[in-house]
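This report refers to the structure that appears directly beneath it.
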Amino acid sequence: QVQLVESGGGLVQPGGSLRLSCAASGRFFSIFAMGWYRQAPGKQRELVAAVNSDDSTNYGDSVKGRFTISRDNAKNTVYLQMNSLKPEDTAVYYCHVKITYYSGNLWGQGTQVTVSS
Numbered sequence: 004q005v006q007l008v009e010s011g012g013g014l015v016q017p018g019g020s021l022r023l024s025c026a027a028s029g030r031f032f033s034i035f036a037m038g039w040y041r042q043a044p045g046k047q048r049e050l051v052a053a054v055n056s057d058d059s060t061n062y063g064d065s066v067k068g069r070f071t072i073s074r075d076n077a078k079n080t081v082y083l084q085m086n087s088l089k090p091e092d093t094a095v096y097y098c099h100v101k102i103t104y105y106s107g108n109l110w111g112q113g114t115q116v117t118v119s120s
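At position 10 of the sequence shown (counting the first as 1) the number is 13 in my numbering, and the numbers step up by one without a gap.
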């Protein structure tokens, strides 16, 4: 069984920065893909950023150039550095993990990010 523990959410002013972390633990040898999705009230969950085991990355259009995803394979942890935050970035952010290409989706419990003055 794999557990995901997220941290780093909170309240920040527009233009500010936050860093999210998600640590995976459990019985696995390596992790194929790690990433972040977000869901704002009344909206569908959307991809924020993802990073694969080969370090290839994918970003949602609305965060390109502002957010950076990275992973530490030794710690089984994925990070999301969020800069130049906007009110429209306000959402619950969910960590997402796929242990292998064929395995199911694993989700963290979610962490609230609120961008407001």
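Virtual Cβ for every residue (Gly too), placed ideally from N, Cα, C.
Distance check between L14 and each of T60, L23 and Q6 places L23 closest, using alpha-carbon atoms only.
For S65, the secondary structure class from DSSP, reduced to helix, strand or coil, is helix. Assigned with DSSP and collapsed to three states, D75 falls in strand.
It is roughly 6 Å from the alpha-carbon of S119 to the alpha-carbon of P17.
With distances taken between CA atoms, V5 lies nearest to I102 out of I102, T114 and Q115.
For the set N76, S87 and T114, the Cα lying nearest the Cα of A36 is the one of N76. Inter-residue distance for S106 and I34 is about 10 Å (C-alpha atoms, whole angstroms). Around the beta-carbon of E91, fewer than 16 other beta-carbon atoms lie within 10 Å, marking it exposed.
With fewer than 16 neighbouring CB atoms inside 10 Å of its own CB, N61 falls in the exposed class. The C-beta separation of G45 from L88 comes to about 20 Å, leaving the pair out of contact by the 8 Å criterion.
Beta-bridge partners of V5 (DSSP): G29. Within the DSSP secondary-structure output, G19 pairs in no beta bridge.
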